[in-house]
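Protein sequences, first through last, are from chains A and B.
Position 122 of the first sequence, counted from 1, bears residue number 122 in this note's numbering, the numbering being contiguous throughout.
Position 201 of the second sequence, counted from 1, bears residue number 201 in this note's numbering, the numbering being contiguous throughout.
Reviewing the structure listed below.
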Amino acid sequence: MTSVTEAERPAARAPRPGGDGRVTDRGAWFLVLPALIPILILSVGPLLYGILLSFTDAQSGRTEATRWIGGLNFQDLLHDTLFWESFRIGLVWAVAVTVPQFLLALGLALLLNQDLRLRWLARALAIVPWAMPEVVVGVMWRLVYAPDAGILNETLRDLGLGDGRDWLSGLGTALPAVVVVGVWAGMPTTTVALLAGLQNTPRELHEAAAVDGAGAWRRFRTVTWPALRPVALSITALNLIWNFNSFALVYVLTSGGPGGRTRLPMLFAYEEAFRYGQFGYAAAMGCVMVAAVSVLLAVLLAGRLRGGDTA
Amino acid sequence: MRTSRTGRAGQYAALLAYLVFLAFPFLWLVSTAFKPPRELASLHPTWIPEDPTLANFRQAFDEQPLLDAALNSLAAALGTAVIAVLLATPMAYVMARRRTRLARAAIGWVVVSQAFPLVLVIIPLFLVLRNLRLIDSMTGLVMVYVVWALPFALWMLVGYVRAVPRELEEAAAVDGAGRLRTLVSVTAPLLAPGLVATALFAFVTAWNEFFFALVLLKTPEKQTLPVVLTHFIGAEGVADLGPLAAAAFLATLPSLVVFALIQRRITGGMLTGAVKS
Chain A
1 MTSVTEAERP AARAPRPGGD GRVTDRGAWF LVLPALIPIL ILSVGPLLYG ILLSFTDAQS
61 GRTEATRWIG GLNFQDLLHD TLFWESFRIG LVWAVAVTVP QFLLALGLAL LLNQDLRLRW
121 LARALAIVPW AMPEVVVGVM WRLVYAPDAG ILNETLRDLG LGDGRDWLSG LGTALPAVVV
181 VGVWAGMPTT TVALLAGLQN TPRELHEAAA VDGAGAWRRF RTVTWPALRP VALSITALNL
241 IWNFNSFALV YVLTSGGPGG RTRLPMLFAY EEAFRYGQFG YAAAMGCVMV AAVSVLLAVL
301 LAGRLRGGDT A
Chain B
1 MRTSRTGRAG QYAALLAYLV FLAFPFLWLV STAFKPPREL ASLHPTWIPE DPTLANFRQA
61 FDEQPLLDAA LNSLAAALGT AVIAVLLATP MAYVMARRRT RLARAAIGWV VVSQAFPLVL
121 VIIPLFLVLR NLRLIDSMTG LVMVYVVWAL PFALWMLVGY VRAVPRELEE AAAVDGAGRL
181 RTLVSVTAPL LAPGLVATAL FAFVTAWNEF FFALVLLKTP EKQTLPVVLT HFIGAEGVAD
241 LGPLAAAAFL ATLPSLVVFA LIQRRITGGM LTGAVKS
């Protein structure tokens, strides 16, 4: 499809009168500005401002002028063991959510790409977690995990697997329990993206491979996966970023507890900024998080380049 | 493709497992919302309430300003949807029809901005909005939501504009229609379903949003539904499950209805978007 539009473009442009180009260029500016100005003021600007803030001692309720303090925030951050613990939890969480998310979504996308009955129902249901407010997702799973009235413990009791436990406040179970919710909540976007990728794989190649006697696994490896790889990498990269930066789910489920076991970096920075009012310090945390995400992305992109794909 | 009988059975079993995993938490939410306190305290909860009741809903409305919250959410979501589409459509048109450097830079930014943690954005935004006296105000919140919804709105709209054949516009131009006339009477009608889908998507995004609302809205009467929902959970993490479930259920309904309306178009929009880049 890409190549078709690519090929049409020069041909379609050729017959236009030459003088018309300049006028529409100016017209293009007027069309672009209404969206561009808000983006500049409320997205680009704040980000640059935020990076600047991390080099200051900005605080919430203070009346004195904010001072430039150079790298002091970052020095403090270096020795802030609580932050690094939270950072480590963030990394564990991001990977522990993204990997199963991808595998489960891939399985579901492959199924939904088949000609199965009930496919419409599955497609609709697969999107439901995406449609729900994150807060509601958190509330819902709190009900599932509830120690007495929760369905999880009740099911375990029915199956004779013990009395169940208080999943969200157990030191050992809180993080895994929250990870499951993260996987559940992020599956739809991943599934939809992978499904879109699957529908671009060449069907004829698939059939040819089947005629040649290639089994399902070989067909997947040699035909489906090469076509799916660019989409898979992009959505995985995005998922890693989104998960590392996630907030609402864990805020509702555990608010970072018990004992900080689920305190993701975003929760930590939020508390630093809006509970303790340390704007500059929290901004420095944000910068460290951006750096971490960039490294993650660089690693992923390097993997992509090694594969020789350009999509 | 030929698949063996056992293979098929396996596929159905897997699909069923997925359906159960995806659907059961929501079913449990609904079930909890209609249970009387006695059943909620029971050690053996059942899937179907033995004694269904609406008491939780009444109690939820008594405890928190749910109606105000719903109206606030509605205002935020409608404002975001309308303004985001108005702002994004012209730019999406340019991005789809011409390959200007500006359009490419904008798309680049849309991708880059995804990588930044919200905390780095919210502190400066908070300071800027405080200077403009737009903290704790719907105007400030909608401004933030619009910019926040623009990336995906642009992404969807570019796909929809591409789907309108260029040849149609050129034919209208040949017939002597001016640029504006072409846009209004040829492009706009064909684009309308896409505009509606994008608006609805922006609506759901704003309706569901939590973090910005948590930081930017202080007065309880001005807060949106997701923020008010968290008030049902006490300081010690103890929650009155019945009213919490009832309120959460109500807060989800609009999102689900809207999403059901645009489900096909969202997957379609992602398809066309994915094909392009």
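Glycine included, C-beta positions come from ideal geometry on N, C-alpha and C.
Residue-level contact to chain A via CB, residue i, 8 Å cutoff
{"i": "residue 163 of chain B", "result": "no"}
{"i": "residue 56 of chain B", "result": "no"}
{"i": "residue 131 of chain B", "result": "no"}
{"i": "residue 118 of chain B", "result": "yes"}
{"i": "residue 223 of chain B", "result": "no"}
{"i": "residue 98 of chain B", "result": "yes"}
{"i": "residue 9 of chain B", "result": "no"}
{"i": "residue 142 of chain B", "result": "no"}
{"i": "residue 155 of chain B", "result": "no"}
{"i": "residue 210 of chain B", "result": "yes"}
{"i": "residue 226 of chain B", "result": "yes"}
{"i": "residue 263 of chain B", "result": "yes"}
Same chain, Cβ closer than 8 Å to residue i, neighbours up to 5 away in sequence not counted
{"i": "residue 184 of chain A", "result": "129, 137, 141"}
{"i": "residue 300 of chain A", "result": "233, 236, 237, 240"}
{"i": "residue 66 of chain B", "result": "60, 225, 228, 247, 250"}
{"i": "residue 202 of chain A", "result": "223, 227"}
{"i": "residue 95 of chain A", "result": "240"}
{"i": "residue 13 of chain A", "result": "Low confidence applies to residue 13 of chain A: its pLDDT is 42, below 50, so where it sits in the model is not reliable, and the reading given next is rough at best. None."}
{"i": "residue 275 of chain B", "result": "With a pLDDT of 41 at residue 275 of chain B, under the threshold of 50, the modelled position of this residue cannot be trusted, and the question is left open."}
{"i": "residue 249 of chain A", "result": "134, 137, 138, 178, 181, 182, 185"}
{"i": "residue 138 of chain B", "result": "72, 75, 76, 79, 222"}
Short CB-CB distance (under 8 Å) between residue i and chain B
{"i": "residue 245 of chain A", "result": "yes"}
{"i": "residue 134 of chain A", "result": "yes"}
{"i": "residue 202 of chain A", "result": "no"}
{"i": "residue 46 of chain A", "result": "yes"}
{"i": "residue 298 of chain A", "result": "no"}
{"i": "residue 295 of chain A", "result": "no"}
{"i": "residue 77 of chain A", "result": "no"}
{"i": "residue 116 of chain A", "result": "yes"}
Neighbour list for residue i in chain A, Cβ cutoff strictly below 8 Å
{"i": "residue 32 of chain B", "result": "143, 149"}
Own chain partners of residue i with C-beta closer than 7 Å, once the 5 adjacent residues on each side are dropped
{"i": "residue 229 of chain B", "result": "247, 248, 251"}
{"i": "residue 29 of chain B", "result": "245, 248, 249"}
{"i": "residue 51 of chain A", "result": "287"}
{"i": "residue 269 of chain A", "result": "282, 285, 286"}
{"i": "residue 240 of chain B", "result": "232"}
{"i": "residue 277 of chain A", "result": "59, 60, 61"}
Closer than 7 Å at the beta carbon, the chain B residues around residue i
{"i": "residue 59 of chain A", "result": "Chain B residues near residue 59 of chain A: none, gap ~11 Å exceeds 7 Å."}
{"i": "residue 175 of chain A", "result": "Those do not exist, as residue 175 of chain A stays about 16 Å from chain B at its closest Cβ, beyond 7 Å."}
{"i": "residue 97 of chain A", "result": "Within 7 Å Cβ-Cβ: nothing; residue 97 of chain A doesn't reach chain B, min ~15 Å."}
Residue i: contacting residues in chain A (beta-carbon distance under 7 Å)
{"i": "residue 45 of chain B", "result": "149, 151, 154"}
Sequence-distant residues of the same chain with beta carbon closer than 6 Å to residue i, five excluded per side
{"i": "residue 199 of chain B", "result": "81, 85"}
{"i": "residue 23 of chain A", "result": "Here the model assigns residue 23 of chain A a pLDDT of 44, short of 50, so the residue's position is not dependable, and the following value carries that caveat. Around residue 23 of chain A: no qualifying Cβ."}
{"i": "residue 21 of chain A", "result": "Confidence is the limiting factor: at residue 21 of chain A the pLDDT is only 43, short of 50, which leaves the residue's position unreliable and the question unanswerable from this model."}
{"i": "residue 315 of chain A", "result": "This structure cannot settle anything about residue 315 of chain A, because the visible part of chain A is limited to 1 through 311."}
Cross-chain neighbours of residue i in chain B, by beta carbon under 8 Å
{"i": "residue 107 of chain A", "result": "14, 18"}
{"i": "residue 39 of chain A", "result": "106, 109, 147, 150"}
{"i": "residue 102 of chain A", "result": "Here the premise fails: no neighbours, minimum Cβ distance about 15 Å."}
Cβ neighbour criterion (16 or more within 10 Å) applied to residue i
{"i": "residue 139 of chain A", "result": "buried"}
{"i": "residue 9 of chain B", "result": "exposed"}
{"i": "residue 255 of chain B", "result": "buried"}
{"i": "residue 209 of chain B", "result": "buried"}
{"i": "residue 50 of chain B", "result": "exposed"}
{"i": "residue 189 of chain B", "result": "exposed"}
{"i": "residue 39 of chain A", "result": "buried"}
{"i": "residue 218 of chain B", "result": "exposed"}
{"i": "residue 272 of chain A", "result": "buried"}
{"i": "residue 131 of chain B", "result": "exposed"}
{"i": "residue 127 of chain B", "result": "buried"}
Where residue i sits in the DSSP three-state scheme
{"i": "residue 177 of chain B", "result": "coil"}
{"i": "residue 47 of chain B", "result": "coil"}
{"i": "residue 139 of chain B", "result": "helix"}
{"i": "residue 239 of chain B", "result": "strand"}
{"i": "residue 69 of chain A", "result": "coil"}
{"i": "residue 32 of chain B", "result": "helix"}
{"i": "residue 296 of chain A", "result": "helix"}
{"i": "residue 182 of chain B", "result": "helix"}
Any non-hydrogen atom of the ligand GTP within 7 Å of residue i CB
{"i": "residue 225 of chain A", "result": "For the structure depicted, the ligand GTP is absent and the ligand set is empty, with no information on it obtainable."}
Partner residues on chain B for residue i, Cβ-Cβ distance less than 9 Å
{"i": "residue 50 of chain A", "result": "116, 119, 120, 121, 122, 123, 124, 125"}
{"i": "residue 290 of chain A", "result": "115, 116, 117, 120"}
Closer than 9 Å at the beta carbon, the chain A residues around residue i
{"i": "residue 25 of chain B", "result": "129, 137, 140, 141, 143, 144, 151, 181, 184"}
{"i": "residue 245 of chain B", "result": "139, 140, 143"}
{"i": "residue 255 of chain B", "result": "131, 132, 133, 136"}
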